[in-house]
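Enquirer:
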Amino acid sequence: MHHSIEIESLTFSYPDGHEALNDVSLVIKPCEKVALVGPNGAGKSTLILHLNGILSGSGSVRVCGMKVGKETLGRVRAMVGLVFQSPDDQLFSPRVYDDVAYGPLYQGLPLQTVQERVEESLAAVAMSDYSQRISHHLSMGEKKRIAIATVLSMKPEVLVLDEPTAGLDPRARRSLINLLHELPLTMLVSTHDMPLVKDLFPRMVILDQGRVVADGQTSILMEDKELLDAHGLERPF
Amino acid sequence: MHIHFLDPYQRGHSPVHRTDARVKLVLSVAFILTTALIPIGVWPIYVLLFAMVISLVILSGLGVGFVFKRAALAFPFVLAALPLLFTTPGLQLFSLTLGTWEITMTLPGVERFFSIALKSWISVQAAILLTATTQFPDILTAMRAVRVPRLLVAIIGLMWRYLFVLADEALRLIRARSARSGEADVPGHRKGGRISWRAQTAGGMAGNLFIRSIERSERIYVAMLSRGYDGEVRTMPHPKLEVSNWIELIIGGGILILLLVLSLLIWE
Numbered sequence: 001m002h003h004s005i006e007i008e009s010l011t012f013s014y015p016d017g018h019e020a021l022n023d024v025s026l027v028i029k030p031c032e033k034v035a036l037v038g039p040n041g042a043g044k045s046t047l048i049l050h051l052n053g054i055l056s057g058s059g060s061v062r063v064c065g066m067k068v069g070k071e072t073l074g075r076v077r078a079m080v081g082l083v084f085q086s087p088d089d090q091l092f093s094p095r096v097y098d099d100v101a102y103g104p105l106y107q108g109l110p111l112q113t114v115q116e117r118v119e120e121s122l123a124a125v126a127m128s129d130y131s132q133r134i135s136h137h138l139s140m141g142e143k144k145r146i147a148i149a150t151v152l153s154m155k156p157e158v159l160v161l162d163e164p165t166a167g168l169d170p171r172a173r174r175s176l177i178n179l180l181h182e183l184p185l186t187m188l189v190s191t192h193d194m195p196l197v198k199d200l201f202p203r204m205v206i207l208d209q210g211r212v213v214a215d216g217q218t219s220i221l222m223e224d225k226e227l228l229d230a231h232g233l234e235r236p237f
Numbered sequence: 238m239h240i241h242f243l244d245p246y247q248r249g250h251s252p253v254h255r256t257d258a259r260v261k262l263v264l265s266v267a268f269i270l271t272t273a274l275i276p277i278g279v280w281p282i283y284v285l286l287f288a289m290v291i292s293l294v295i296l297s298g299l300g301v302g303f304v305f306k307r308a309a310l311a312f313p314f315v316l317a318a319l320p321l322l323f324t325t326p327g328l329q330l331f332s333l334t335l336g337t338w339e340i341t342m343t344l345p346g347v348e349r350f351f352s353i354a355l356k357s358w359i360s361v362q363a364a365i366l367l368t369a370t371t372q373f374p375d376i377l378t379a380m381r382a383v384r385v386p387r388l389l390v391a392i393i394g395l396m397w398r399y400l401f402v403l404a405d406e407a408l409r410l411i412r413a414r415s416a417r418s419g420e421a422d423v424p425g426h427r428k429g430g431r432i433s434w435r436a437q438t439a440g441g442m443a444g445n446l447f448i449r450s451i452e453r454s455e456r457i458y459v460a461m462l463s464r465g466y467d468g469e470v471r472t473m474p475h476p477k478l479e480v481s482n483w484i485e486l487i488i489g490g491g492i493l494i495l496l497l498v499l500s501l502l503i504w505e
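Chains A and B, in that order, are what the protein sequence lines are.
Per the numbering used here: the first sequence = residues 1 to 237.
Per the numbering used here: the second sequence = residues 238 to 505.
Printed below as a string of structure tokens:
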């Protein structure tokens with residue numbers, strides 16, 4: 001049995017010399033839901049981009065037992081559904097349908113399968129009526145849901161989300177939380193939304209200045225006011 | 238996660254870096270103008286111009302290799318001068334027959350072509366020297382100081398500012414696409430899809446970027462209006478040029494005029 005995500009002493013610097021990740025190690029079990037928190041610029045997004053090989057640093061990253069590297073890139077990208085912070089980046093096709101179909105079409109699946117995948121994914125995010133809508137005209141909450149559907153259509157094993165609740169009104173936020181709660185996938189979510197972490201994630205990892213500074217049960221870490229203060233975080237009510 | 242390669246400025250503390258941006262801008266433009274005005278085939282003057290720019294490059298500490306690599310940018314433009322090899326009348330070197338076509342390379346053609354190639358290469362080096370040793374905002378201020386129309390300077394400034402934003406946006410779109418470009422778990426499916434479908438996706442992305450740029454420009458304009466923009470760009474007054482700046486300008490300009498006169502004499 002392999003773990004969903006195994007990261008071992010990952011270090012990464014941007015070309016301008018800024019060190020974004022410093023000796024990061026992290027193991028996530030299948031179907032575990034983990035929150036990744038930390039101040040702006042802590043390296044959360046950089047870490048996420050390593051999970052499907054868009055960035056690659058020194059150290060090793062394994063996803064579903066596969067080492068992320070040039071040869072496995074195609075499989076890894078199908079296994080890891082990465083939902084970017086801005087749905088406008090995620091939705092690059094004119095119509096909702098085209099966007100949800102992009103992943104399966106790229107994989108060369110038969111049209112029948114693509115059709116089924118699109119319908120399933122849109123149904124999973126409760127957006128079945130939207131397939132012919134123009135992505136550009138949707139509300140933020142709708143775009144977020146569609147963005148999640150665009151990766152569900154690849155049938156990933158791991159779902160990685162960057163700031164999923166940013167910019168949502170309370171109702172859209174609540175319905176997104178319910179959706180994430182129901183999805184039976186391994187989940188790594190980078191966020192500043194501490195109430196969301198408390199609600200949804202049994203485990204949390206605190207990242208600051210490119211290092212993992214704490215990794216443990218949310219219920220315990222959330223009580224450690226000093227730790228949260230030291231890394232620019234706030235305890236939810 | 239930003240695109241860095243667009244910014245040509247290289248940090249440094251050389252005398253070239255420290256020279257007033259107005260002096261550098263005026264002399265660079267004058268240098269390029271002089272290079273353009275020098276007649277065809279006056280090789281000694283080309284060598285002098287090259288020596289002038291290369292000594293400044295060495296003085297600036299940028300490294301000759303760095304400037305040469307960037308100057309390769311001039312080569313695509315040189316291609317435009319390629320027909321001159323065959324269209325200039327004069328002493329024939331050799332002829333090629335292609336079907337019913339006969340093309341002839343002439344000696345004056347070769348001379349003209351290499352002169353233009355060399356001149357554009359030298360000019361590009363001067364431009365690289367300017368942009369690598371002067372921060373862009375300083376170049377903009379210098380443009381205003383030498384009375385380039387304010388609106389034009391404002392447009393160049395906004396373009397520069399948002400080029401990075403746009404490039405970052407394109408980078409994020411491309412990342413989102415590669416994140417979903419995977420392989421099926423059952424072998425036997427050819428990944429990548431049809432070329433036409435891929436072209437369609439790329440077209441969608443370009444359109445997407447275009448719409449977003451327009452929307453962003455609207456938002457920027459509203460933000461400008463809400464801070465009192467009325468179509469007139471106002472700027473801080475420029476400090477007076479010092480005596481040393483005037484000396485630099487006069488020496489630089491003098492050398493260029495001298496080279497121009499010399500080239501006309503040799504050409505005669």
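Just so it is clear, CB atoms sit at the ideal spot from N, CA and C, and this is done for glycine as well.
Quantities reported herein were computed from a predicted structural model and do not represent experimental measurements.
Using CA coordinates, which residue listed in B:374, B:340, B:424 and B:353 is at the minimum distance from residue 398 of chain B?
Expert: Working through the second sequence from its first residue, we reach residue 398 of chain B at position 161. That would be B:374, whose Cα lies nearest to the Cα of residue 398 of chain B.
Enquirer: Against chain B, does residue 17 of chain A count as a neighbour if the rule is that its beta carbon must be under 8 Å from one of theirs?
Expert: Within the first sequence, residue 17 of chain A is the residue found at index 17, counting from 1. No, its Cβ sits nowhere closer than 8 Å to a Cβ of chain B.
Enquirer: Mind pulling the chain A residues with CB within less than 7 Å of residue 426 of chain B?
Expert: To locate residue 426 of chain B, count along the second sequence from 1; it is residue 189. Chain A residues near residue 426 of chain B: 107, 108 and 109.
Enquirer: Taking Cβ-Cβ distances shorter than 7 Å, what residues in chain A pair up with residue 434 of chain B?
Expert: Taking the first residue of the second sequence as position 1, residue 434 of chain B is located at position 197. Here the neighbours are 105.
Enquirer: Pull up the DSSP beta-bridge partners for residue 186 of chain A, would you.
Expert: Residue numbering aside, residue 186 of chain A sits at position 186 when the first sequence is read from its first letter. Its beta-bridge partners are A:158.
Enquirer: Quick one: residues in its chain with C-beta nearer than 7 Å to the C-beta of residue 296 of chain B, no 5 flanking neighbours on either side, listed in chain order?
Expert: Sequence index remark: in the second sequence, residue 296 of chain B carries index 59 (1-based). Cβ within range, chain order: 251, 252 and 253.
Enquirer: If contact means a Cβ-Cβ distance below 8 Å, which residues of the segment 40-56 of chain A contact chain B?
Expert: Cβ contacts with chain B: 45, 46, 49, 52 and 54.
Enquirer: Can you tell me which of A:163, A:150, A:184 and A:191 puts its alpha carbon nearest to the alpha carbon of residue 416 of chain B?
Expert: The residue you call residue 416 of chain B lines up with position 179 of the second sequence. Looking at the Cα atoms, A:150 is the closest of the given residues.
Enquirer: Spell out the partners DSSP gives residue 578 of chain B in its beta bridges.
Expert: This structure leaves residue 578 of chain B out entirely; chain B is present only between 238 and 505.
Enquirer: With a 10 Å radius around its C-beta and 16 neighbouring C-beta atoms as the bar for buried, classify residue 358 of chain B as buried or exposed.
Expert: Here residue 358 of chain B corresponds to residue number 121 of the second sequence, with the count starting at 1. Its Cβ being crowded by 16 or more others within 10 Å, residue 358 of chain B is buried.
Enquirer: Between which two residues does the alpha helix (DSSP H) carrying residue 492 of chain B extend?
Expert: Mapped onto the second sequence, residue 492 of chain B falls at position 255. Note, residue 492 of chain B: alpha helix (DSSP H), 480-504.
Enquirer: Give me the Cβ distance between residue 241 of chain A and residue 5 of chain A, rounded to the nearest whole Å; I'm assuming they're in contact under 8 Å.
Expert: In the structure as shown, chain A begins at 1 and stops at 237. Residue 241 of chain A is therefore absent and cannot be evaluated.
Enquirer: Could one say the Cβ of residue 410 of chain B lies closer than 8 Å to chain A's Cβ atoms, at least one of them?
Expert: Along the second sequence, one-based indexing puts residue 410 of chain B at 173. With 8 Å as the cut-off, residue 410 of chain B counts as an interface residue toward chain A.
Enquirer: So what's residue 332 of chain B in DSSP terms, helix, strand or just coil?
Expert: Translated into positions along the second sequence, residue 332 of chain B becomes position 95. DSSP places residue 332 of chain B in strand when its eight states are reduced to three.
Enquirer: Note down, in chain order, every chain A residue with its Cβ under 9 Å from the Cβ of residue 539 of chain B.
Expert: Past the edges of chain B, shown from 238 to 505, lies residue 539 of chain B, and the structure says nothing about it.
Enquirer: May I ask you to report which of helix, strand or coil DSSP gives residue 217 of chain A?
Expert: Against the first sequence, residue 217 of chain A aligns to sequence position 217. DSSP places residue 217 of chain A in strand when its eight states are reduced to three.
Enquirer: For residue 82 of chain A, return the contacting residues in chain B, with the cut-off set at a CB-CB distance below 7 Å.
Expert: Taking the first residue of the first sequence as position 1, residue 82 of chain A is located at position 82. Neighbours of residue 82 of chain A on chain B, chain order: 416.
Enquirer: How would you list, in chain order, the residues of chain A whose beta-carbon sits under 8 Å from the beta-carbon of residue 419 of chain B?
Expert: As a first step, residue 419 of chain B is located in the second sequence; it is residue number 182 there, counting from the start. Result: 74, 75, 76, 77, 78, 79, 103, 106, 107 and 154.
Enquirer: Within its chain, find whatever has a CB closer than 6 Å to the CB of residue 321 of chain B; leave out the 5 residues flanking it on each side and keep chain order.
Expert: Translated into positions along the second sequence, residue 321 of chain B becomes position 84. The answer, listed in chain order, is 346, 349 and 350.
Enquirer: Consult DSSP for residue 223 of chain A and reduce its assignment to one of helix, strand or coil.
Expert: Within the first sequence, numbered from 1, the residue matching residue 223 of chain A stands at position 223. DSSP places residue 223 of chain A in coil when its eight states are reduced to three.
Enquirer: Count the other C-beta atoms from every protein chain shown that fall within 10 angstroms of the C-beta of residue 458 of chain B, then say buried if there are 16 or more, exposed otherwise.
Expert: If you number the second sequence from 1, residue 458 of chain B lands on position 221. Exposed: under 16 other Cβ atoms inside 10 Å.
Enquirer: Beta carbons nearer than 7 Å to chain B: which residues of the segment 184-210 of chain A have them?
Expert: Residues: none.
Enquirer: How many Å lie between residue 278 of chain B and residue 352 of chain B at the Cα?
Expert: Taking the first residue of the second sequence as position 1, residue 278 of chain B is located at position 41. Taking the first residue of the second sequence as position 1, residue 352 of chain B is located at position 115. Their Cα atoms are separated by approximately 6 Å.
Enquirer: Rounded to whole angstroms, what is the Cα-Cα separation between residue 286 of chain B and residue 504 of chain B?
Expert: Translated into the one-based positions of the second sequence, residue 286 of chain B becomes position 49. Translated into the one-based positions of the second sequence, residue 504 of chain B becomes position 267. Roughly 16 Å separates the two Cα atoms.
Enquirer: Out of B:500, B:484, B:301 and B:424, which has the shortest C-alpha to C-alpha gap to residue 75 of chain A?
Expert: Position 75 of the first sequence, counted from the start, is the residue given in the question as residue 75 of chain A. Taking only the C-alpha atoms, the option nearest residue 75 of chain A is B:424.
Enquirer: Hey, would you say the C-beta of residue 418 of chain B is under 7 Å away from at least one heavy atom of the ligand ADP?
Expert: For the structure depicted, the ligand ADP is absent and the ligand set is empty, with no information on it obtainable.
Enquirer: Using only alpha-carbon positions, find the residue among B:247, B:403 and B:475 that is nearest to residue 382 of chain B.
Expert: The residue labelled residue 382 of chain B in the question sits at position 145 within the second sequence. The shortest C-alpha separation from residue 382 of chain B is found at B:475.
Enquirer: Check whether the Cβ atoms of residue 156 of chain A and residue 79 of chain A sit closer than 8 Å, and answer yes or no.
Expert: Mapped onto the first sequence, residue 156 of chain A falls at position 156. Mapped onto the first sequence, residue 79 of chain A falls at position 79. Cβ distance < 8 Å, so residue 156 of chain A and residue 79 of chain A count as in contact.
Enquirer: Could you tell me if residue 129 of chain A is buried or exposed, where buried requires 16 or more neighbouring beta carbons within 10 angstroms of its beta carbon?
Expert: Against the first sequence, residue 129 of chain A aligns to sequence position 129. The residue in question, residue 129 of chain A, is exposed, as its Cβ has fewer than 16 Cβ neighbours within 10 Å.
Enquirer: In angstroms, rounded to a whole number, what distance separates the CA positions of residue 104 of chain A and residue 412 of chain B?
Expert: Mapped onto the first sequence, residue 104 of chain A falls at position 104. Mapped onto the second sequence, residue 412 of chain B falls at position 175. Those two C-alpha atoms are separated by around 17 Å.
Enquirer: Listing by chain order, which chain B residues have their CB less than 9 Å from the CB of residue 11 of chain A?
Expert: As a working note, residue 11 of chain A is residue 11 in the first sequence. None at all; the shortest Cβ gap to chain B is about 17 Å.
Enquirer: Between the C-alpha atoms of residue 238 of chain A and residue 204 of chain A, what's the straight-line distance to the nearest angstrom?
Expert: Given a span of 1 to 237 for chain A in the structure shown, any question on residue 238 of chain A remains unanswerable.
Enquirer: What is the rounded straight-line gap between the Cα of residue 57 of chain A and the Cα of residue 28 of chain A?
Expert: Reading the first sequence from its first residue, position 57 is the one you call residue 57 of chain A. Reading the first sequence from its first residue, position 28 is the one you call residue 28 of chain A. Roughly 19 Å separates the two Cα atoms.
Enquirer: Mind checking whether residue 121 of chain A and residue 94 of chain A have CB atoms under 8 Å apart?
Expert: As a working mapping, residue 121 of chain A is identified with position 121 in the first sequence. As a working mapping, residue 94 of chain A is identified with position 94 in the first sequence. Contact: no.
Enquirer: Assuming residue 203 of chain A is part of the beta strand (DSSP E), what are its boundary residues?
Expert: In the first sequence, counting from the first residue as 1, residue 203 of chain A sits at position 203. Looking at the DSSP string, the run of the beta strand (DSSP E) that includes residue 203 of chain A is 203-208.
Enquirer: Counting only Cβ pairs nearer than 8 Å, list the residues of chain A close to residue 441 of chain B.
Expert: Start at 1 with the first residue of the second sequence, and residue 441 of chain B comes out as number 204. Within chain A, the residues near residue 441 of chain B are 92, 93, 94 and 98.
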